[in-house]
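The sequence shown runs contiguously to residue 113 in my numbering. Beta carbons: idealized from backbone N, C-alpha and C, even for Gly. Notes follow the structure.
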Amino acid sequence: MKAEELLELHAKTCEKARKIMIQKNSDYTGGSGATDGLANFKASRIFKMHPVSGLLLRIQDKLMRIHSFIGDGELRVTGETVEDACDDLLNYAILCKALLIEEQQQKTDQQQ
């Protein structure tokens, strides 16, 4: 893939991933009136699990799905392609970053 094509893929993928995040964030965090976009990951604390650890489990699921595709050449669950799993990984990375930033900010606020 040429560099120009790669950058175009990056732009389109990021745009698609952002749209997906907007839709899924509403569905997974309490609906359109929800105010905490990370609520579903913070719910990992119910199981005494750090939110980032809960998120990493979801990342592992996506990685295993991609690994299965590489091995089998197909996915049995229809409606989600291997490219969709890659898009989800992008969003999970952003969500992970957001959780870490928020946690660090809370620590900074407590120290002041």
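Is residue i buried or exposed, if buried means 16 or more other CB atoms sit within 10 Å of its CB?
i, result
"Thr82", "exposed"
"Thr30", "buried"
"Arg45", "Here residue 45 turns out to be Ser, not Arg, going by the sequence shown. Buried, since its Cβ has 16 or more Cβ neighbours within 10 Å."
"Ala4", "exposed"
"Ala18", "buried"
Just checking my contact of residue i with residue j at CB under 8 Å: how many whole Å lie between their CB atoms?
i, j, result
"Ala99", "Leu8", "Not quite, the Cβ-Cβ distance comes to about 25 Å (not below 8 Å), so this is no contact."
Taking 9 Å as the cut-off, decide whether the C-beta atoms of residue i and residue j are in contact.
i, j, result
"Leu10", "Met22", "no"
"Leu56", "Phe42", "yes"
Check your understanding: Counting Cβ pairs, one atom from each stretch, are 3 or more of them under 8 Å apart for the region 89 to 103 and the region 41 to 60?
Key -> Yes: at least three Cβ pairs fall under 8 Å.
Point to revise | Meets three-Cβ-pair contact criterion under 8 Å: the region 34 to 52 and the region 97 to 108 | key: Proximity of the region 34 to 52 to the region 97 to 108 meets the contact definition, three or more beta-carbon pairs being nearer than 8 Å.
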